Amino acid sequence: MIPYKSIISIDKKRQQAVYLQLANQLIELMKSGILLPNAKLPSSRIMADLIGLHRKTIVACYDELLIQGWLVSIPKKGTYVHAELPLLKPRALEQNHKSIPSKTGFSFYKKDQSNRRLSDRKAGITYVNDGVTDVRLTPIKEIAQIYKSVCNSRLVPRHLGYGSTLGSLELRKVLVTYLNETRGIKLTLDNILITRGSQHGIYLASQLLVKSGDIIIAGTTNYISADYTFVNADAKILRIPVDDHGIDTKAVELICKKKKVKAIYVTSHHHHPTTKTMSAERRLHLLNLAQEYKFAIIEDDYDYDFHYNQAPILPLMSHDIHGQVIYIGSLCKTVAPTFRVGYMIAAKDFVTEAANLRRYIDRQGDPLLELTFARFIQSGSLNRHINKTLKVYRKRRDLFVNQLNELKEFFEFDIPAGGMAFWLRLKRPYTWDQVATIARNHKLEIGEWQRYDLNNNGHNAIRLGFATYNEEEIDSLFDKLHKTMKSLKRQVKL
Ligand SMILES: Cc1ncc(COP(=O)(O)O)c(C=O)c1O
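Counting in the numbering used here, the final residue of the sequence shown is number 477, and the numbers go up one at a time with none missing.
Here it is as structure tokens:
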């Protein structure tokens, strides 16, 4: 007989009922071939004695397994393992199935070439980032209050079921007004799809625009996740130079004269990663080219809200009269990345198709959250939050400037007119590889500096985010950077 007593282990402190624990363990024995088809199980009384449980528990367990079809009961004879139970590959007793295997038993396509993972943060280490929101400033209490009042409303059941794949109607209406007023985009309800952030919009656009080998133009250095999204869609990316006025549109024209271009990806307000703003002349040139050569402009306006010197430049979308632009934005940078609320604005036919495609990815957005953000924007809270964070970020940017001025021997930089990062160029002969290695000794983590130059332009630059650090943290970061550069200089001299 199977040594049930030594195999079965029941933990009465677990949340799962004892009879189910027993049933699951018996299933494992059947799946692994230890309990074979047609094998007779001990009667409930004997099993109860064998494993020290109440007889009623055994009866409940056997009943469950009978209902599930693992066992059969033959009157006056007893309880048996189902005769036609297919065996899974038998395992040795001690190799019982304890966890999901680390590798699948089938092949699949690996889509992510980047291998980028956010590692766990360790206390005491300062992490350089590429320009992210200081979530300590997020008005979370206010957002929570609005969310609560949305949930308490008698209309809440309307928002708990399946909704439109276009996203919450209330939020779409509020954004139509908001984007018309702030960005001069002449959109109507036909032109907007609520997304779960900009990345979602980039993904949808790439899936609708690209078939294998289609050409997408992007800067020689570009936002890495957009690059990978296009590569995953099987696009061929052609690179064009980026200078102080943004992407070089003459280079776009040269490509268009020779090849059929499907789309161009631009972060027109502040180019990612170089932070440069695209000049008015190039904006209009690009729009004309798009119309002439019939390509799409994917305008990722990820940090429109952060501009320190003058009013923000109107997006390309606001000048587009021929339906060439797909405008993508989100509240993830402005409020907090955790709130996956963004939008895609385009001509009606494209928005409709994007909404159809979205159905297969996540069906719809998060209606309660979207309604919360509709109220947050409508009440003026979003604008108040932007004004508040702008002041804080500008001050932090200026503190960074003061600190970086002390390190001019090593670095070149321009003062960013907007966004949340510097484009920090390291002077030769120093390399970021050296800086990153030494910085680690000083508890400073430079991060994935390689991602800014995947195409080997040799610009020797990284993005240095400034928005997340308070004054004390800025002092600490630069103290570590000073120490790093001092020891690097010593090493290079030797
Ligand atoms: C240029 C750019 N586009 C898009 C995104 C993605 O933003 P979201 O969080 O809205 O998906 C980021 C995030 O860092 C970004 O830097």
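Where is the CB? At the ideal position from N, CA and C, for every residue including glycine. As the structure is a prediction and not an experimental result, all values here were calculated from the model.
May I ask you to report which of helix, strand or coil DSSP gives residue i?
i, result
"Tyr130", "helix"
"Thr109", "strand"
"Leu447", "strand"
"Leu409", "strand"
"Gly229", "strand"
"Met468", "helix"
"Arg(-3)", "coil"
"Tyr2", "helix"
"His65", "coil"
"Asp283", "strand"
"Ile360", "helix"
"Ser251", "coil"
"Ala485", "No answer is possible for residue 485: the residues shown for the chain start at -16 and end at 477."
"Glu428", "strand"
"Lys478", "There is no way to answer for residue 478, as the model of the chain reaches only from -16 to 477."
"His142", "helix"
"Met(-16)", "coil"
"Ala419", "helix"
"Ile34", "helix"
"Ile311", "strand"
"Gly184", "helix"
"Leu221", "strand"
"His442", "coil"
Ligand 1 heavy atoms versus the CB of residue i: any closer than 7 Å?
i, result
"His305", "no"
"Thr355", "no"
"Gly150", "no"
"Asp283", "yes"
"Pro320", "yes"
"Gln190", "no"
"Ser251", "no"
"His290", "no"
"Lys259", "no"
"Cys315", "yes"
"Gly478", "The requested residue 478 does not occur in the structure, where the chain is confined to residues -16 to 477."
"His425", "no"
"Gly448", "no"
"Tyr310", "no"
"Gly202", "no"
"Gly180", "yes"
"His228", "no"
"His255", "yes"
"Tyr376", "no"
"Tyr206", "yes"
Take residue i as the anchor and find which of the options has the nearest alpha-carbon.
i, options, result
"Gln8", "Asp345, Gln(-2), Ile(-7) and Asn21", "Ile(-7)"
"Ile311", "Lys60, Asp283, Asp46 and Trp406", "Asp283"
"Ser189", "Gly146, Tyr248, Asp227 and Asn135", "Tyr248"
"Thr203", "Glu455, Tyr452, Ile398 and Asp436", "Asp436"
"Lys81", "Leu12, Asn21 and Gln128", "Leu12"
"Asn260", "Lys240, Phe289, Phe278 and Ala246", "Checking the sequence shown, residue 260 turns out to be Thr, not Asn. Checking every option, the nearest Cα to that of Thr260 belongs to Phe289."
"Tyr161", "Gln474, Ser364 and Leu407", "Ser364"
"Thr451", "Met403, Ile309 and Gln417", "Met403"
"Ala400", "Ile199, Leu373, Ile421 and Ala419", "Leu373"
"Arg379", "Phe405, Gly107, Phe356 and Thr212", "Phe405"
"Tyr92", "Arg473, Asn215 and Ala234", "Asn215"
"Leu237", "Leu143, Leu269, Phe213 and Asp117", "Leu269"
"His253", "Ile398, Thr414 and His142", "Ile398"
"Pro350", "Thr321, Ala6, Gln(-2) and Arg155", "Arg155"
"Thr321", "Met327, Pro122, Arg434 and Ala66", "Pro122"
"Ala106", "Arg434, Ser470, Gln474 and Glu428", "Glu428"
"Asp345", "Gly146, Leu138 and Val1", "Gly146"
For my contact list, residue i and residue j are in at a C-beta cut-off of 8 Å; report their separation, rounded to the angstrom.
i, j, result
"Asp217", "Pro224", "Actually they do not touch by this definition, with Cβ atoms about 25 Å apart."
"Lys391", "Lys426", "With 8 Å as the limit, Lys391 and Lys426 do not qualify as a contact, their Cβ atoms being about 24 Å apart."
"Arg166", "Pro256", "Their Cβ separation, rounded to whole angstroms, is 23 Å, which puts Arg166 and Pro256 out of contact at 8 Å."
"Tyr186", "Thr250", "Going by Cβ atoms, the distance from Tyr186 to Thr250 rounds to 16 Å, so no, they are not a contact pair."
"Ala422", "Thr467", "4 Å"
"Phe394", "Lys371", "With a Cβ gap of about 30 Å, Phe394 and Lys371 do not count as contacting."
"Leu54", "Leu24", "7 Å"
"Gly325", "His142", "Wrong, their Cβ atoms sit about 19 Å apart, outside the cutoff."
"Leu120", "Ala337", "In fact, because the Cβ distance is near 32 Å, the residues do not count as touching under 8 Å."
"Pro20", "Ala66", "5 Å"
"Ile200", "Val235", "6 Å"
"Ala357", "Val157", "4 Å"
Determine, for residue i, whether the minimum Cβ-Cβ distance to residues of chain B falls below 8 Å.
i, result
"Lys466", "In the displayed structure, chain B is absent; only one protein chain is listed."
- Flag this pair as touching only if the stretch 141 to 155 and the stretch 177 to 185 have three or more C-beta atom pairs under 8 Å; answer yes or no. yes
- Query: Pairing CB atoms from the stretch 312 to 327 with CB atoms from the stretch 266 to 276, are three or more of them under 8 Å?
  - Reply: no
- Task: Report yes or no: do three or more beta-carbon pairs, one from the stretch 443 to 457 and one from the stretch 106 to 118, lie closer than 8 Å?
- Result: yes
- Query: Do the stretch 452 to 462 and the stretch 365 to 384 touch if we need at least three Cβ pairs shorter than 8 Å?
  - Reply: yes
- Query: Any chance the stretch 40 to 59 sits against the stretch -5 to 6, with 3 or more Cβ pairs inside 8 Å?
  - Reply: yes
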